[in-house]
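Numbering (UniProt numbering), first residue to last: 1 to 275.
Structure (structure tokens):
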């Protein structure tokens with residue numbers, strides 16, 4: 001799975017680093033091309049023009065899907081960039097997964113310390129400058145409802161991981177077929193296998209195991225109507241908003257424990273995507 005990490009192209013890395021040394025770049029639009037993240041457009045800072053007005057111009061010129069790196073300060077420097085992932089709902093599932101993975105790849109390779117915000121939007125034209133600024137991380141102000149939920153989920157996953165590690169067991173059952181499928185997956189390294197798993201009567205079972213030979217197979221395999229876990233180059237957690245609360249809690253608990261079990265098996269997860 002770790003063989004599928006997208007790489008920041010040299011021109012993008014050079015452009016971003018140059019932006020740290022000058023005060024001329026307001027925004028860089030990046031896109032996925034092949035297995036690389038590349039520069040699509042660069043927007044300069046215009047003297048006398050407010051950042052919110054510049055954002056409106058950027059909205060009009062950027063296309064989707066894209067990763068928009070927006071510089072929110074008039075004086076350049078670290079910790080002054082917000083990453084806006086513009087990925088519309090009508091894109092194929094494969095592209096959504098690709099750009100979800102690309103967000104982490106981009107930040108890690110350019111430098112996490114430069115980014116104070118990271119947000120996803122399905123409609124860039126409706127995402128206002130105020131929305132952009134509101135995504136900034138803060139260590140002193142109150143957390144939004146969304147940030148509270150994400151923080152609680154992260155703490156839950158950490159606690160479950162610690163408990164599972166201490167007991168060396170999963171808090172739910174696993175069918176023999178599922179165990180065998182994970183063993184086979186771990187031996188294949190960078191795999192072309194789509195392995196989908198579901199919880200049935202508090203037991204993790206195989207939903208589907210398919211060899212991917214064409215990218216267009218993925219759209220047919222993604223089932224957004226029912227919660228599931230998928231291993232295919234990255235780890236995909238599917239949990240529709242319409243699912244009942246009990247089911248969401250069950251899968252949230254199972255997700256943390258399953259990720260720990262994958263690590264124990266030697267299956268390295270570079271990125272986790274939620275659909």
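In this text, a Cβ means the ideal position worked out from N, Cα and C, and glycines have one as well. Computed from a predicted structure; not experimentally measured.
query = The beta strand (DSSP E) with residue 237 in it runs from where to where?
reply = Counting along the chain, the unbroken beta strand (DSSP E) around residue 237 starts and ends at 234 to 238.
Classification of residue 192 by the beta-carbon crowding that lies within 10 angstroms, buried from 16 upward = Exposed is the call here.
message = Mapping the DSSP letters down to three states, classify residue 94 as helix, strand or coil.
response = Residue state, collapsed to three classes: helix.
request  = Apply the 10 Å Cβ neighbour rule to residue 63 and answer buried if 16 or more other Cβ atoms are within range, or exposed otherwise.
outcome  = With fewer than 16 Cβ atoms within 10 Å of its Cβ, residue 63 is classed as exposed.
Residue 163 - DSSP class collapsed to helix/strand/coil = For residue 163, the predicted model reports a pLDDT of 44, less than 50, meaning its position is unreliable and no value from the coordinates is stated.
query = Okay, do the region 79 to 88 and the region 113 to 131 touch, 3+ Cβ pairs below 8 Å being the bar?
reply = Enough Cβ pairs lie closer than 8 Å, so yes.
message = Could you check whether residue 44 and residue 68 sit closer than 8 Å to each other, using their CB atoms as the reference points?
response = No, the Cβ-Cβ distance between residue 68 and residue 44 is not below 8 Å.
Distance CB(residue 102)-CB(residue 32) smaller than 8 Å = Result yes, Cβ atoms of residue 102 and residue 32 sit closer than 8 Å.
key: 8 Å contact criterion, which residue 229 and residue 197 should meet: CB distance rounded   = The pair is a contact, with the Cβ atoms about 5 Å apart (cut-off 8 Å).
ask   = Bridge partners of residue 37, per DSSP?
value = Beta-bridge pairing links residue 37 to 8 and 32.
query = The alpha helix (DSSP H) with residue 183 in it runs from where to where?
reply = Boundaries of the alpha helix (DSSP H) harbouring residue 183: 176 to 187, taken from the DSSP string.
message = Under 8 Å: do the region 99 to 114 and the region 11 to 27 share three or more Cβ pairs, one atom per stretch?
response = Yes, the region 99 to 114 touches the region 11 to 27.
request  = Might you give, ordered along the chain, the residues of its own chain that have their beta carbon closer than 6 Å to the beta carbon of residue 154, omitting 5 neighbours on each side?
outcome  = Residue placement at residue 154 cannot be trusted, given a pLDDT of 49 that sits under 50; the coordinates are not used to answer.
task = Pull up the CB-CB distance for residue 267 and residue 185, whole angstroms please, since I reckon it's below 8 Å.
result = So it is a contact: roughly 6 Å between Cβ atoms.
query = By a C-beta neighbour count over all protein chains shown, 10 Å radius and 16 as the cutoff for buried, is residue 227 buried or exposed?
reply = Buried, because 16 or more other Cβ atoms sit within 10 Å of the Cβ of residue 227.
Exposed unless 16 or more other CB atoms sit within 10 angstroms - verdict on residue 58 = Answer is buried; the Cβ neighbour count reaches 16.
query = Are residue 222 and residue 178 close, meaning C-beta to C-beta below 8 Å?
reply = Remark: C-beta atoms of residue 222 and residue 178 do not approach each other more closely than 8 Å.
message = Counting C-beta neighbours from all protein chains within 10 Å, is the total for residue 90 16 or more, i.e. buried, or is it exposed?
response = Burial is judged here by how many other beta carbons sit within 10 angstroms of a residue's own beta carbon; residue 90 has fewer than 16 and is exposed.
task = Evaluate residue 188 with the Cβ neighbour count: other Cβ atoms within 10 Å of its Cβ, from every protein chain shown; 16 or more gives buried, anything less gives exposed.
result = Here residue 188 is exposed: its Cβ has fewer than 16 other Cβ atoms, across all protein chains shown, within 10 Å.
message = Only counting the same chain, and skipping five residues up and downstream in sequence, which positions put a Cβ closer than 7 Å to that of residue 133?
response = If we look at residue 133 and ignore the five residues flanking it on each side, its Cβ neighbours are 72.
request  = Determine the burial state of residue 35: buried for a count of at least 16 other Cβ atoms within 10 Å of its Cβ, exposed for fewer.
outcome  = It is exposed - the Cβ of residue 35 has fewer than 16 other Cβ atoms within 10 Å.
Alpha-carbon to alpha-carbon, residue 240 and residue 248 = Looking at the two C-alpha atoms, the distance is approximately 9 Å.
inquiry  = Quick test of your reading: residue 273 and residue 97, contact by CB under 8 Å. State the CB separation rounded to the nearest angstrom.
reply    = About 5 Å; that satisfies the 8 Å criterion.
query = By a C-beta neighbour count over all protein chains shown, 10 Å radius and 16 as the cutoff for buried, is residue 107 buried or exposed?
reply = By the Cβ-count criterion, residue 107 is buried, with 16 or more other Cβ atoms from all chains shown falling within 10 Å of its own Cβ.
query = How big is the Cα-Cα spacing for residue 212 and residue 9?
reply = Going from the Cα of residue 212 to the Cα of residue 9 covers about 27 Å.
key: Residues sharing a beta bridge with residue 55, DSSP   = BP columns for residue 55 are empty, so no partner.
query = Smallest Cα separation from residue 217: which of 254, 242 and 94?
reply = Ranking the options by Cα distance to residue 217, first place goes to 94.
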